[in-house]
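Working notes, beginning with the structure itself.
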Amino acid sequence: MSPFLTALIASGVILIIILSTDLGTRQITNMRLLRSIIAIVIVIALFVRTLPLGGNDPWLQLAGIGAGVVCGLIAATLLPAHRAPDGDVYTRGGIAYAIVWTLMSASRVLFAYGSEHWFTQDVILFSIENKLSGQDVYSNAFVFMALAMVLTRTAVLLVKRRRLRGTRVPTTDGFVDA
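Structure representation (C-alpha cells):
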C-alpha cells in the first residue's frame, strides 16, 4: 500500500475516533481510553507490515514517534479536565482541539500525497542521501506519528484523571475530600 493511502486511512480512522470521543464534555472512562488503544492495535496490525531497520530507517521512525508525542502534548493542553461534584472527571474538547487533530492528520496525508505526486524525486534523493530504505519506512513513520499522538493524549488523560480524583470537590456545604 502506498504511503499516501496508508496515511489517508490511518489518519482518517484515528481522527474520527479521537474527535468522536473527545469533542464536547466527556467523562474520562476506562472504555474511552481503551477504545483509543484498541484503535492503535488495529492500525498497527493493518498498516505496519515490516519494520525496516537498515541504514537510518530507525531514526526516521523514531522521529515520527517524537513528532507524535510533541503533537499529542500540544493537543492535550487544549483538552482541559475538571472534576464534577459527583467525583467523575470530565474533559471539554472544543474547536481548537479539533483543529489541531485535523491539521496534523491533514499534514500527514498531504505530505504523503506530495511525496508520491509533487516531489517524488526529492524524496528519492533524500532517501538515498540519508540511507533510508524506501516506502515502508515513510509509511511507518506516518503511522507511528499518529499512534504516538494518540498514546500521548491517552497518557495525559490518565494523569489528569488521577490528579483530579485526588482533589477536593466543592459542594453546597463546603468541600468534600475525594
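Mind the numbering: the sequence shown is residues 24 to 201 in the working numbering, read in order.
C-beta atoms are modelled at their ideal positions from N, C-alpha and C, and glycine is treated no differently.
* Which of the three DSSP states, helix, strand or coil, is assigned to Leu46? -> strand
* Asked: Under 8 Å between the Cβ atoms of Ala33 and Val173?
  -> no
* Asked: Among residues of its own chain, excluding the 5 on either side of Pro26, which ones have a beta-carbon nearer than 8 Å to its beta-carbon?
  -> Ala135, Ser138, Glu139, Gln158, Tyr161, Ser162, Phe165
* Thr29 to His105, Cα distance in whole Å? -> 36 Å
* Grab me the residues of Leu170's own chain with a C-beta within less than 6 Å of its C-beta, minus the 5 sequence neighbours each way, in chain order. => Ile63
* Under a three-way DSSP split, which group does Arg115 fall into? -> strand
* **Residue environment, Lys154, which counts as buried when at least 16 other CB atoms sit within 10 Å** => exposed
* Asked: With which residues is His105 paired in a DSSP beta bridge?
  -> Tyr113
* In or out: Ala90 buried (at least 16 other Cβ within 10 Å) or exposed? -> buried
* Asked: Which of helix, strand or coil does DSSP assign to Leu76?
  -> coil
* Asked: Leaving out the 5 sequence neighbours to the left and right, which residues in its chain are closer than 6 Å to Val179 when beta-carbon positions are compared?
  -> Ala99
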